[in-house]
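Q: All residue numbers for the sequence shown refer to numbering that gives the first Met the number 0, where the first residue is 0 and numbers rise by one. Structure provided below as structure tokens; questions to follow.
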Amino acid sequence: MPSHKTFMIKKKLAKKQRQNRPIPYWIRMRTDNTIRYNAKRRHWRRTKLGF
């Protein structure tokens, strides 16, 4: 990833960074623990974004 990024790439990276977090605790309580974890978590070294 170059140090000079276009604005669109930077926006996409920011969105992916926001998505890459665990689910809030209150959602686990609301769904009676049927949703236990975020299935779409991504590790920066294992899975690449592809852009």
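Beta carbons are placed, not taken as given, at the ideal position from N, Cα and C, and that holds for glycine.
By the DSSP assignment, the alpha helix (DSSP H) with L12 in it spans what residues?
A: To locate residue 12, count along the sequence shown from 1; it is residue 13. It spans F6 to Q18 - the alpha helix (DSSP H) in which L12 sits, taken as one unbroken run.
Q: Identify which residue in G49, A38 and Y24 has its Cα closest to the Cα of N32.
A: Position 33 of the sequence shown, counted from the start, is the residue given in the question as residue 32. For N32, the nearest C-alpha among the options comes from Y24.
Q: On the DSSP letters alone, give me the boundaries of the alpha helix (DSSP H) that M28 sits inside.
A: The residue given as residue 28 occupies position 29 in the sequence shown. It spans Y24 to R29 - the alpha helix (DSSP H) in which M28 sits, taken as one unbroken run.
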